[in-house]
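Numbering (the working numbering), first residue to last: 1 to 386. Ideal Cβ positions, reconstructed from N, Cα and C, are used throughout, including at glycine. What you are looking at is a predicted structure, and each value in this text was computed from that prediction instead of being measured. Data block below; observations after.
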Amino acid sequence: MTVQELPGAAAYRPTPPPAWKPITDPAPLLPDPEPYRVLGTDAVADVDPELLLRLHAELVRGRRYNAQATALTKQGRLAVYPSSTGQEACEIAAALVLEERDWLFPSYRDTLAAVARGLDPVEALTLLRGDRHTGYDPREHRIAPLCTPLATQLPHAVGLAHAARLKGDDVVALAMVGDGGTSEGDFHEALNFAAVWKAPVVFFVQNNGFAISVPLAKQTAAPSLAHKAVGYGMPGRLVDGNDAAAVHQVLSEAVARARRGEGPTLVEAVTYRMEAHTNADDATRYRVDSEVEAWKAHDPVRLLERELTGRGLLDDEGIARAKEAAERMAAALRDRMNADPELSPMDLFTHVYAEQTGQLREQAAALRAELDAEQDHDEHGAEAGR
């Protein structure tokens with residue numbers, strides 16, 4: 001017997017409570033049909049020239065950082081490096097829009113964003129070198145550990161932002177993720193919680209065309225990734241990810257909105273990964289060279305230099321100065337990475353729990369005994385050889 005067949009069922013037609021449909025007009029949440037642009041449009045006249053010049057200097061430094069880190073993998077100084085060449089505008093803008101009190105939640109490809117936020121370039125590579133789980137104190141820098149599992153940093157960002165708001169702290173979390181990460185369950189859970197709680201979070205998707213070798217069209221049938229925002233009740237913004245000024249403006253507006261208590265925003269930056277997924281990837285197996293060449297015409301460094309030189313804000317001497325500063329950074333990074341780190345096996349137990357468990361103490365004691373025995377053996381062997 002169905003509900004409708006029960007006695008008195010015809011009279012029992014309750015009206016759903018108001019919470020059944022909390023949002024009735026999705027139109028304000030929908031992104032624009034085309035990515036938002038600033039460079040080459042009338043909107044660029046409203047951008048502070050000093051900001052444009054700073055963006056340019058950081059882009060040039062970031063491009064050189066990517067090149068140097070990639071070279072270090074070929075020299076055996078890094079285990080792996082996921083280059084963000086071609087995506088520097090996204091990386092730099094994400095770092096510059098945050099206040100010191102805010103938090104950045106990067107993925108494994110976002111080392112450049114961490115460095116632009118002020119992290120030591122060597123510490124940003126420590127995880128990828130295989131020395132430690134992470135090479136810096138997240139609380140000191142307000143940068144969460146570089147996240148290798150896809151999208152798991154997004155719920156963490158929501159939790160931190162929600163907790164900060166409950167404490168009355170004026171903090172915004174900016175969580176970065178690639179287009180591949182939007183296919184993970186963590187992405188959907190994070191967006192849903194953030195929207196329901198109105199958590200001060202900005203979700204920043206760098207759509208670089210491929211989840212390793214899987215093109216976006218094989219991940220989603222949505223008009224854009226930014227359109228997914230409306231399903232969770234937050235605004236979606238679509239921006240040209242190679243236009244540094246546009247990315248900075250859109251992210252700034254999203255951060256300001258979150259800080260005002262108006263909830264999260266999903267920003268999709270349309271960009272392109274110019275190099276392979278990592279040094280272990282062969283990109284020629286899933287894309288053609290002509291596609292890469294076409295995107296080189298939309299290179300973020302070239303776009304900004306063209307704008308600045310065209311407006312008389314940058315000349316050849318200024319470009320040379322930016323490149324020289326980038327070379328000095330690369331040389332220092334190269335020298336420091338060529339020095340072998342001093343690591344202690346006992347550090348394995350240092351950051352597992354705030355207070356070590358009995359089992360960990362036993363394991364640490366056993367390892368210490370083995371290390372001491374090995375040292376004694378080496379010392380006695382050296383004495384016997386004299």
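Through-space distance from residue j to residue i, alpha-carbon basis
i      : j      : result
Asn242 : Gln375 : 55 Å
Ala331 : Leu225 : 39 Å
Val3   : Val270 : Low confidence applies here, because Val3 scores a pLDDT of 47, under 50, leaving its location unreliable; read the following figure in that light. Cα-Cα distance, rounded: 49 Å.
Asp32  : Asn192 : 22 Å
Asp447 : Val292 : Residue coverage of the chain in this structure runs from 1 to 386, which leaves residue 447 outside it and unanswerable.
Asn279 : Lys74  : 8 Å
Ala157 : Arg285 : 35 Å
Asp110 : Ala354 : 28 Å
Leu367 : His377 : 15 Å
Asp289 : Tyr272 : 13 Å
Gly231 : Thr152 : 20 Å
Leu55  : Lys198 : 31 Å
Leu96  : Lys296 : 24 Å
Gln219 : Ala373 : 54 Å
Leu398 : Ser344 : Outside the displayed span of the chain (1 to 386) sits residue 398, for which this structure offers no information.
Leu314 : Ala322 : 11 Å
Leu308 : Glu34  : 24 Å
His141 : Arg132 : 17 Å
Phe203 : Ala369 : 48 Å
Ala326 : Leu52  : 17 Å
Phe210 : Arg237 : 20 Å
Pro106 : Ala222 : 25 Å
Glu379 : Glu342 : 20 Å
His252 : Arg260 : The amino acid at residue 252 is misidentified as His; the sequence shows Ser. Going from the Cα of Ser252 to the Cα of Arg260 covers about 12 Å.
Asp179 : Gly358 : 42 Å
Arg361 : Leu216 : 48 Å
Arg334 : Glu305 : 27 Å
Thr70  : Ile92  : 19 Å
Ile143 : Ala164 : 15 Å
Arg207 : Leu104 : For the record, residue 207 in the displayed sequence is Asn; it is not Arg. Cα to Cα, the separation comes out at about 18 Å.
Asp48  : Ala161 : 30 Å
Leu303 : Ala43  : 15 Å
Glu45  : Leu29  : Sequence inspection shows Ala at residue 45; the Glu mentioned does not correspond to that position. Their backbone Cα atoms lie some 27 Å apart in a straight line.
Gln68  : Pro200 : 35 Å
Leu72  : Ala283 : 19 Å
Asp316 : Glu324 : 12 Å
Ala190 : Val352 : 25 Å
CB-CB length for residue i against residue j, believed under 8 Å
i      : j      : result
Val172 : Asp281 : Between Asp281 and Val172 the Cβ distance is about 33 Å, and since that is not below 8 Å, they are no contact.
Leu112 : Gly181 : Incorrect: roughly 17 Å between the Cβ atoms, too far for contact.
Tyr81  : Val115 : Not confirmed; about 13 Å, so no contact.
Lys228 : Leu166 : Incorrect: roughly 27 Å between the Cβ atoms, too far for contact.
Val60  : Val239 : So it is not a contact: roughly 21 Å between Cβ atoms.
Pro155 : Asp186 : 6 Å
Ile212 : His298 : Ile212 to His298, Cβ: 22 Å. No contact.
Val177 : Val205 : 6 Å
Option nearest residue i by Cα separation, candidates the options
i      : options                        : result
Leu150 : Ser183, Asp120, Leu166         : Ser183
Ala254 : Pro223, Ala175, Ala71, Ala322  : Ala175
Asn338 : Thr41, Leu59, Val122, Glu88    : Val122
Leu39  : Arg129, Glu275, Gln249         : Gln249
Gly135 : Asp46, Ala221, Asp347          : Asp347
Gly118 : Thr309, Leu51, Asp137          : Asp137
Ala245 : Cys90, Arg129, His277          : Cys90
Thr294 : Ala69, Gly86, Asp25            : In the sequence under discussion, the amino acid at residue 294 is Ala, which differs from the Thr named in the question. Nearest C-alpha to Ala294: Gly86.
Leu98  : Gly178, Thr357, Arg257, Val47  : Arg257
Glu262 : Ser83, Met274, Ala276, Pro235  : Pro235
Ala147 : Ala27, Gly159, Leu128          : Inspection of the sequence shows that residue 147 is occupied by Cys rather than by Ala. Nearest C-alpha to Cys147: Leu128.
Tyr36  : Glu268, Asp316, Ile212         : Glu268
Gly159 : Ala27, Asp25, Ala195           : Ala195
Ala79  : Ala67, Ile92, Gly130, Ala57    : Gly130
Ala320 : Glu50, Ala57, Thr41            : Ala57
Pro26  : Gly233, Leu72, Pro200          : Gly233
Arg77  : Asp340, Asp120, Gly310, His351 : Asp340
Asp120 : Val352, Arg336, Thr350, Ala190 : Arg336
Arg94  : Tyr108, Ala364, Val247         : Per the sequence shown, the amino acid found at residue 94 is Ala instead of Arg. Cα-wise, what sits closest to Ala94 is Val247.
Ser83  : Arg311, Glu275, Arg287         : Glu275
Query raised in the report: Quick one: complete beta strand (DSSP E) runs, 3+ long, within the stretch 140 to 198?
Result: 173 to 178
Requested in this report: Give a yes or no on contact between the stretch 317 to 331 and the stretch 124 to 144, applying the rule of three or more CB pairs nearer than 8 Å.
Outcome: no
Query raised in the report: In the stretch 74 to 102, which residue ranges form an unbroken alpha helix (DSSP H) of at least 4 residues, counting only runs that do not cross its ends?
Result: 88 to 96
Query raised in the report: Can you list, in chain order, the stretches of the beta strand (DSSP E) that have 3 or more residues and sit fully within the stretch 190 to 244?
Result: 201 to 207, 236 to 240
**Report entry** Completely contained alpha helix (DSSP H) runs for the stretch 274 to 362, where each covers 4 or more residues
**Finding:** 289 to 296, 300 to 310, 316 to 337
Query raised in the report: What are the start and end residues of each continuous alpha helix (DSSP H) run of 4 or more residues lying completely inside the stretch 19 to 75, in chain order?
Result: 49 to 74
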